[in-house]
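In the working numbering, the protein residues as written are 158 to 590.
What follows is the structure, encoded as structure tokens:
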């Protein structure tokens, strides 16, 4: 394994040296947003050294646009000091890419991330490095690229914009295909300050959690959407709403032995698509609205069609609230931030058991060509792993959904035997190349 620091190809100007974090950025746990991209052998991959050189050169160019990712977090600001990003080069000699994809080992997947280059990833995510990349070469000639960006600066849409820009730079097409990123999330949500703290789960990361992959094929998803349609609804639920409702039902039944009073489902909504006139697609930061969309008391049973109806209502309520707010970007951001803070202040980890569903669906990650074809498999998640979370991402065909679910071990052993879940999803099938 070879570790290098990659600096921006040109110096960041003095007037861009400090980036203010938003209150939303500040509240997020010190973890990384991560993406894995897998590529089969291609004749344009001349050698690992040649490929890595191309990746590092284009990364250096990309960091001039994404200059905060080469900086260091200092409290509630980023010092954009061109300290650099970390690039790790690695080889896998005991496994081919096709062998790995035949039955993906999610523990081995972690080894394709560059976090082994830092001593304490929680500390690193809140200080430096803010961006780490790992290029892993398989003996067969295939490769994997693992990307980690601190969640303090980047949500999933930000990750997608970064990868799209970097891959275009590697192809020599950055000038005409990609909009320059805008680091202005603190112009929408209020700027962060050190005084306000959210409740902390004292038991988090002290339990033993496990991540499993559940794949919903296109035809099974259509069946699930039909099942999840409530009689009084004119519209069928979306793919994401249907999977979210089913997973919620399965989460509740898998943890039915727990003593916690109320289970709640938190959903993250990307606001860029809801406010396109105020929030450009190229806006980098955490531009999400996080809210409790479903909840259930101890012993209550979840009905999927009722859950999808409630999810749809919450989505419509958010859209209505945003549209009714006839004001500036910062006014809408302040209102949404206050609403989130008020809602979270009512929650306690003693009385509430939170689950989170985050969707990466419709992000164009399968279009990330660095010059040697498109990825055959893409995975999105956070690292270090966070428990009680489901990350949803499109299958390669764009019609299915892969769900990466992290739960405490005892809950997972119940979930992976849930007959209703397995009627619609396959547990860790082969990745079709």
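Using N, Cα and C, we set each Cβ at its ideal position, and we do this for glycine too.
On a CA-only basis, which of the options is nearest residue i? Give me that one, please.
i           : options            : result
residue 207 : 582, 528, 168, 534 : 528
residue 283 : 502, 508, 292, 231 : 231
residue 446 : 305, 492, 410, 402 : 492
residue 382 : 555, 396, 391      : 396
residue 410 : 576, 438, 266      : 576
residue 438 : 546, 519, 266      : 519
residue 217 : 507, 318, 327, 512 : 327
residue 563 : 580, 544, 333      : 544
residue 273 : 402, 541, 510, 330 : 541
residue 514 : 523, 522, 532, 559 : 559
residue 424 : 430, 405, 431, 434 : 405
residue 433 : 387, 277, 480      : 480
residue 155 : 332, 389, 246, 220 : This structure cannot speak to residue 155, because the chain is shown only from 158 to 590.
residue 259 : 556, 198, 534, 550 : 534
residue 324 : 308, 269, 375, 302 : 302
residue 340 : 174, 589, 523      : 174
residue 394 : 453, 229, 473      : 473
residue 557 : 412, 373, 584, 448 : 373
residue 525 : 263, 319, 171      : 319
residue 165 : 172, 225, 211      : 225
residue 465 : 333, 200, 236, 390 : 390
residue 458 : 403, 553, 436      : 403
residue 589 : 574, 553, 579, 573 : 553
residue 209 : 578, 227, 293, 177 : 293
residue 177 : 342, 387, 555      : 342
residue 388 : 376, 333, 332, 463 : 463
residue 279 : 251, 332, 187, 304 : 187
residue 375 : 555, 530, 172      : 555
residue 304 : 478, 269, 436, 490 : 269
Assuming the contact rule is C-beta atoms closer than 8 Å, residue i and residue j should be a hit. Round their C-beta distance to whole Å, please.
i           : j           : result
residue 476 : residue 418 : Incorrect: roughly 31 Å between the Cβ atoms, too far for contact.
residue 196 : residue 316 : Not quite, the Cβ-Cβ distance comes to about 18 Å (not below 8 Å), so this is no contact.
residue 469 : residue 379 : About 18 Å; that fails the 8 Å criterion.
residue 369 : residue 569 : 6 Å
residue 486 : residue 349 : Incorrect: roughly 17 Å between the Cβ atoms, too far for contact.
residue 427 : residue 400 : Not really, about 17 Å apart at Cβ, beyond 8 Å.
residue 408 : residue 582 : Not confirmed; about 14 Å, so no contact.
residue 271 : residue 289 : 4 Å
residue 441 : residue 385 : Not really, about 34 Å apart at Cβ, beyond 8 Å.
residue 242 : residue 291 : Going by Cβ atoms, the distance from residue 242 to residue 291 rounds to 11 Å, so no, they are not a contact pair.
residue 169 : residue 239 : 5 Å
Can you name, in chain order, every residue of its own chain whose Cβ lies under 7 Å from the Cβ of residue i, other than the five neighbours on each side?
i           : result
residue 222 : 322, 337, 338
residue 281 : 275
residue 538 : 191, 548, 561
residue 344 : 486, 487
residue 298 : 198, 202
residue 430 : none
residue 351 : 232, 233
residue 215 : 323, 326, 327
residue 183 : 233, 349
residue 500 : 448, 449
Give me, in chain order, the residues of the same chain whose beta-carbon lies closer than 8 Å to that of residue i; leave out the 5 immediate sequence neighbours on both sides.
i           : result
residue 213 : 161, 163, 244
residue 131 : This structure cannot settle anything about residue 131, because the visible part of the chain is limited to 158 through 590.
residue 185 : 308, 309, 443
residue 467 : 450, 451
residue 211 : 327, 527, 528
residue 229 : 235, 236, 238, 240, 284, 285, 287
residue 266 : 193, 536
Here's a check: name, in chain order, each residue in its chain whose Cβ is nearer than 6 Å to the Cβ of residue i, leaving out the five neighbours to either side.
i           : result
residue 295 : 249, 253, 254
residue 494 : 180, 346, 347
residue 311 : 190
residue 330 : none
residue 536 : 193
residue 566 : 365, 367
residue 511 : 421, 423
residue 509 : 419, 421
residue 571 : 411
residue 550 : 517, 537, 559
Tell me, please, which residues DSSP counts as bridged to residue i.
i           : result
residue 537 : 192
residue 291 : 245, 303
residue 563 : 368, 546
residue 160 : 245
residue 348 : 179
residue 558 : 373, 551
residue 339 : 440
residue 424 : 448, 514
residue 620 : The structure shown does not extend to residue 620, since the chain spans only 158 to 590, so no value can be given for it.
Taking only heavy atoms of the ligand MN into account, decide whether any of them is closer than 6 Å to the Cβ of residue i.
i           : result
residue 519 : The ligand MN is not among the ligands present in this structure, which contains no ligands whatsoever.
Q: Tell me the start and end of each unbroken alpha helix (DSSP H) in the stretch 194-281 that is at least 4 residues and wholly inside, in chain order.
A: 205-222, 254-259, 263-267
Q) Taking the runs of the alpha helix (DSSP H) that are 4 residues or longer, which of them lie wholly in the stretch 364-422? A) 375-384, 396-411
Q. At what residue ranges does the stretch 503-535 contain a whole run of the alpha helix (DSSP H), taking only runs of 4 or more?
A. none
Q) Which parts of the stretch 426-498 are runs of the alpha helix (DSSP H), unbroken and 4 residues or longer, counting only runs that do not cross its ends? A) 461-481
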